[in-house]
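Residue numbers (my numbering): 38 to 272.
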């Protein structure tokens, strides 16, 4: 551990971002005075604004994991300086430093996240959420992260949640994708597409909220960072 710590100190400036991220993760798992010293120095860089933003999440995570009381105090003080009503700054380090390949895997395969079911299910008329391929051309990282942390804050046009109440009983949440004078086509939040005869519908209410839950808690901060990187580069 001492050998690696010294190696990190001497060579960090020559390493790629990915190598530095791995190095910080390893330091976080070392309960030694040297690892605490190195992480403390990097925390100071973060506080002074001289640290590469792609390493922000890594140094915060490593410092919290390392367990040194002084390090924990540095992290606490840093977090207390971050205030933002949208919640973005209160979850620091998620905008930069992700891995697009890992993000793609999360989008396609994360069981709890279920991104692909709502956002890449065959087009706007076949899915609950908006298409996201190419969104990085029109939206920046901050917008994408906010949409993940607080989906209801900025709803994509036409994707507000609609509640349908049936005369026969029962209600369903989802999105109306087509309608005429007699019936409407509705995609439930489960992904199921159904057609309702309008005369069978008792209530229809548009809710200014997203059917998508906030992703923090479903995805880890590192997974969110990777997903942002994937979305901003997906073409």
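Using N, Cα and C, we set each Cβ at its ideal position, and we do this for glycine too.
- Going by DSSP, residue 215 is part of the beta strand (DSSP E) stretching over 208-216.
- Within the same chain, 247, 249 come within 6 Å of residue 188 by CB-CB distance, once the 5 residues on both sides are set aside.
- With contacts defined as CB atoms closer than 9 Å, residue 256 and residue 179 fail to qualify as a contacting pair.
- Look at the beta carbons and you see the stretch 108-115 not touching the stretch 135-142: under three pairs across the two are nearer than 8 Å.
- As the crow flies, the alpha-carbon of residue 214 is around 13 Å from that of residue 201.
- Per the DSSP secondary-structure output, residue 233 pairs in a beta bridge with 221.
- In this chain, the beta strand (DSSP E) harbouring residue 239 covers 238-244.
- A straight line joining the alpha-carbon of residue 169 with that of residue 268 spans about 7 Å.
- In this structure residue 40 is exposed. Its beta-carbon is surrounded by fewer than 16 other beta-carbon atoms within 10 angstroms.
- As a beta-bridge residue in DSSP terms, residue 256 pairs with 253.
- The DSSP-derived three-state label of residue 202 is strand.
- Annotation for residue 136: no alpha helix (DSSP H) segment contains it, and DSSP assigns it neither H nor E.
- Spanning the alpha carbons of residue 82 and residue 75 requires a straight line of approximately 11 Å.
- Boundaries of the alpha helix (DSSP H) around residue 183: 178-186.
- Here residue 47 is exposed, its C-beta having fewer than 16 other C-beta atoms within 10 Å.
- With contacts defined as CB atoms closer than 9 Å, residue 219 and residue 234 qualify as a contacting pair.
- Comparing alpha-carbon positions, the option among 90, 86, 71 lying closest to residue 44 turns out to be 71.
- Note that the stretch 87-102 does not touch the stretch 139-153; fewer than 3 beta-carbon pairs, one per stretch, sit closer than 8 Å.
- Assignment of residue 110 by DSSP, reduced to helix, strand and coil, places it in the helix class.
- In this structure, DSSP gives residue 86 a state outside helix and strand, which the three-state scheme calls coil.
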